[in-house]
Amino acid sequence: KTAFAEVKTDSRFINVAHRGASGYAPENTIAAFDKAVEMKADFFELDVQRSKDGHLVVLHDTSVDRTTDGTGYVRDMTLAELKRLDAGSWFSSKYSGEKIPTLEEVLERYRNKRINILIELKKPSLYPGIEQQVANLLREKHMDRWRGKVVVQSFNHDSIRRFHQTMPWVMTGALVSYTSYKDTGVTNEHLNTFARYADFVNPNKKLVDRDLVNRVHQRGMKILPYTVRSSEAADRLFHIGVDGFVTDYPELGYIYYAQ
Ligand code: G3P
Ligand code: CA
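Just so we're aligned: 140 in mature numbering (1 follows the signal peptide of the UniProt record, and there is no 0) is position 134 of the sequence shown, and the numbers increase by one with no gaps anywhere.
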């Protein structure tokens with residue numbers, strides 16, 4: 007494997023562990039991120055939101071109900087309240103005691119590990135100013151100038167544009183959902199807009215065919231579809247030329263490293 011943090015120029019396959027290695031450990035916890043490192047993924051992906059008292063925290067849903075033993079919305083709870091929750095038991099008793107991590111804890115723990123971090127700004131319209139806050143934290147941790155160490159993505163493209171304007175030297179990704187684009191497909195107009203502020207186009211895999219891959223590449227961007235959970239899906243995407251994919255099971259990417 008070539009050195010990490012060289013995504014832009016690196017032509018080999020990019021294997022991204024979705025919410026950490028979430029097939030094997032509870033999503034968006036240190037256990038899942040450690041597992042992604044252990045499995046030698048190139049990146050792990052995580053979702054960032056904000057607590058009531060202004061801390062950046064790592065959790066997928068806007069409520070804590072599904073992945074913890076608590077109830078309520080992330081934005082209505084303080085960091086102390088969020089930290090009291092068990093974020094592992096829902097997955098397996100083996101993981102009881104896992105906590106919701108802060109983004110700062112994650113950046114600190116993995117800044118010198120051999121893995122890159124794909125940061126999703128989740129529902130940023132609920133968290134005004136979160137783009138600037140993430141940018142400030144990346145700068146504080148000296149992780150912004152290390153090209154490819156972090157990539158920032160969102161389904162909210164205004165948010166990505168704002169982040170890009172704040173910190174244009176950090177790579178960004180436009181997430182593309184099936185429900186929003188299934189009727190039109192991803193058109194050249196869409197791609198031309200994404201190319202103004204994004205380095206990656208990361209669509210639902212159902213939207214991805216060879217033609218889309220080519221049109222993304224023609225515009226100098228890379229494409230990392232989500233979410234791969236079978237070797238059939240992995241193989242189809244690899245053979246139409248994607249740059250990598252986002253998967254719950256990082257071993258699904260192994261066979262493409264050498265090709
Ligand atoms: O990185 C792709 C993926 O994380 C987007 O979907 O719902 O799992 O955040 P979701
Ligand atoms: Ca995500």
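The beta carbon of each residue, even a glycine, is placed where N, CA and C say it ideally should be.
- One alpha carbon belongs to Thr253, the other to Met149, and they sit about 24 Å apart.
- Contact between the stretch 71 to 88 and the stretch 38 to 46 is absent, with fewer than three C-beta pairs closer than 8 Å.
- With distances taken between CA atoms, Arg221 lies nearest to Gly247 out of Tyr263, Gly247, Val234.
- In this structure, Thr35 lies near Glu104, with their beta-carbon atoms less than 8 Å apart.
- Residue environment: Gln139 is assigned as buried (16 or more neighbouring CB atoms within 10 Å of its CB, all protein chains considered).
- With a beta-carbon spacing of about 4 Å, Arg56 and Tyr133 fall inside the 8 Å limit used to define contacts.
- Distance from the CA atom of Ala38 to the CA atom of Val214, rounded to whole angstroms, is 27 Å.
- When DSSP reads this structure, Leu62 sits in a beta bridge with Arg56.
- The continuous stretches of alpha helix (DSSP H) do not include Glu126, which lies in the beta strand (DSSP E) extending over residues 122 to 127.
- For Asn220, the enclosing alpha helix (DSSP H) has its first and last residue at 216 to 224.
- Residues whose Cβ lies closer than 5 Å to any heavy atom of ligand 2, listed in chain order: Asp53, Glu126.
- Every residue whose beta carbon comes nearer than 5 Å to a heavy atom of ligand 1 appears here in chain order: Glu51, Tyr232, Val252.
- Leaving aside the five residues that flank Leu197 on each side, the residues in its chain whose CB is nearer than 8 Å to its CB run, in chain order, Val207, Arg221, Val222, Arg225, Met227.
- Distance from the Cα of Leu62 is smallest, within the candidate group Tyr187, Thr178, Ile106, Ala27, for Ile106.
- The C-alpha of Ile125 lies about 11 Å from the C-alpha of Leu65.
- Contact between Phe49 and Gly26 fails: their C-beta atoms lie close to 10 Å from each other, not under 8 Å.
- When C-alpha distances from Tyr101 are compared across Asp53, Tyr30, Ser165, the shortest belongs to Tyr30.
- Judged by DSSP secondary structure, Leu132 falls outside any alpha helix (DSSP H); it is assigned neither H nor E.
- Counted as a single uninterrupted DSSP element, the alpha helix (DSSP H) harbouring Ser186 occupies residues 184 to 187.
- CA-CA distance, Ser98 to Pro32, rounds to 8 Å.
- When the alpha-carbon of Tyr255 is set against those of Leu109, Val234, Lys119, Trp152, the nearest one is in Val234.
- The straight-line gap separating the alpha-carbon atoms of Phe244 and Asp59 is approximately 43 Å.
- A direct Cα-to-Cα measurement between Met173 and Ser131 gives close to 19 Å.
- If you check the CB distance, Thr74 and Ala93 come in under 8 Å.
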